[in-house]
Structures are given as structure tokens and as C-alpha cells.
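Following: one structure in C-alpha cells, then a few remarks.
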Amino acid sequence: MADSQETQSTIDRNILDFESVLERTGKRTDVLMDILELATAVIMIILFAIGVYDLGLKLVTLITSGEYTNPNAVLKIIDTALLLLIIVEIYRTVIAYVEDLNILPIVLNVALIAMSRKIISFRTGKYATKDDAIMAALAYGLLMVILIAAFYVIHHIQAETEFNIYAAGEEDEEVTG
Numbered sequence: 001m002a003d004s005q006e007t008q009s010t011i012d013r014n015i016l017d018f019e020s021v022l023e024r025t026g027k028r029t030d031v032l033m034d035i036l037e038l039a040t041a042v043i044m045i046i047l048f049a050i051g052v053y054d055l056g057l058k059l060v061t062l063i064t065s066g067e068y069t070n071p072n073a074v075l076k077i078i079d080t081a082l083l084l085l086i087i088v089e090i091y092r093t094v095i096a097y098v099e100d101l102n103i104l105p106i107v108l109n110v111a112l113i114a115m116s117r118k119i120i121s122f123r124t125g126k127y128a129t130k131d132d133a134i135m136a137a138l139a140y141g142l143l144m145v146i147l148i149a150a151f152y153v154i155h156h157i158q159a160e161t162e163f164n165i166y167a168a169g170e171e172d173e174e175v176t177g
């Protein structure tokens, strides 16, 4: 009988030791994940800085070459500017994720900017047939309507209920503590 109690006691200690190891490992991996998420944010900042520099060069080249009246050249500038806005929104998404905030509104912003960029740069000549171009245009339009509706609903809920959509992922310390 004493042997079985000792065996059970040893098993219980081993389980507690294993749980302790798992807890310490979990904390360390959380720290590592936070570091990697912040590194991603820094990379977004670097990409944004490079993009702003590139946009400046393109703008100077556009003006000095006299191409500023060429619609395709202007569209390329707008395309680059919208890409920079997407980078900013991705950065905001990473920061919101690190801070455990609700990223849905930010992801919707990214999607709206990306679809706007796609629609602005839409050219029928990129498609094999006219029907393909029409189908793509309809798909882009439908997706844009859905994104705008989602954007409206989320922001309408916030306006009507004083619900902070950006802090929706945070836990309330008073309730859980």
C-alpha cells in the first residue's frame, strides 16, 4: 500500500514538474512571438520609408520628364501611393495585434484600399476577352460593395452603441481580475 502511495506521489510531482516546464516554455515563446511581431512592424516601417523615397523619385521624374499629363504615368504614381497606404495599414494591423486589439476594422481598411487600388488600375486590355473583363469588373464591384457594407456596419455599431471597435479584443481587467 505504501508503495502505491509513493508511486502516486512521484507521478503527481512529475506532472507538476512537467506543467511547470510547459508554463515556462509558454512564457518564453510568448516573449519570442512579441519580439518577432515587433520586428515585423519595424520591417513595415523600413518598407514604408523605401516606398516614400521611391514615390518621391517617381514624382520628380514624372515632373521633370513632362509626363505629368500622361494618364498612365499618373496612375502609376497613384498606385504607388495606395500601396504605401496598404503598408501603413498592415503596420497598424501588426501593432494592434501586438497590443491585443481588434484588428477587424484595420483589415477592412486594408481590403478597401487594396480593392480601390485594383479598381483604379483596372484595364480591360489585360483580359483575353471582353467577357472576362466584364466578369472581373463585376467581381471587383461586388467585392467593393460588400467591403463598404461591412465597413459601414462596423462603424455604425460603434457610433450607435459607444462600443469601441478597436478595443474589442481587449479583456476587461475589472471583470477578469
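Following the working numbering, the numbering of the sequence shown begins with 1 at its first residue and continues without gaps. All C-beta atoms in this analysis are idealised placements derived from N, C-alpha and C, irrespective of residue type, glycine included. Quick caveat, the model's predicted, so the values are computed rather than measured.
Check	Outcome
For T7, three-class secondary structure by DSSP	helix
For I78 and A150, the rounded distance between their alpha carbons	25 Å
Neighbourhood of D17 by C-beta, 8 Å cutoff - its chain only, sequence neighbours within 5 removed	none
Same chain, Cβ closer than 8 Å to T93, five either side skipped, listed in chain order	I103, I106, V107 and V110
Beta-carbon proximity of F48 to I95, cut-off 7 Å	no
Residue span of the alpha helix (DSSP H) that contains I109, given as start and end	Inspection of the sequence shows that residue 109 is occupied by Asn rather than by Ile. Start and end: L104 to I120.
CB of A41 within 7 Å of CB of Y91, strictly	yes
Y68: first and last residue of the uninterrupted alpha helix (DSSP H) it sits in	That residue, Y68, is in no alpha helix (DSSP H); it is neither H nor E in DSSP.
K118 versus Y68 - alpha carbon distance	21 Å
Cβ-Cβ separation, T29 to K58 (assumed contact under 8 Å), whole Å	Between T29 and K58 the Cβ distance is about 42 Å, and since that is not below 8 Å, they are no contact.
First and last residue of the uninterrupted alpha helix (DSSP H) at K130	K130 to T161
Coarse secondary structure for E99, derived from DSSP in three states	coil
E23, buried or exposed, once every other Cβ within 10 Å from all chains shown has been counted against 16	exposed
Three-state class that DSSP yields for E170 in the structure shown	Note that E170 scores 49 on pLDDT, short of 50, meaning its location in the model is unreliable; the coordinates nonetheless yield the value given after this. E170 falls in the coil class under three-state DSSP.
Contact under 7 Å by Cβ, L147 with L112	yes
Buried/exposed call for E19, threshold 16 Cβ in 10 Å	exposed
Rounded distance between the beta-carbons of A136 and Y127, thought under 8 Å	6 Å
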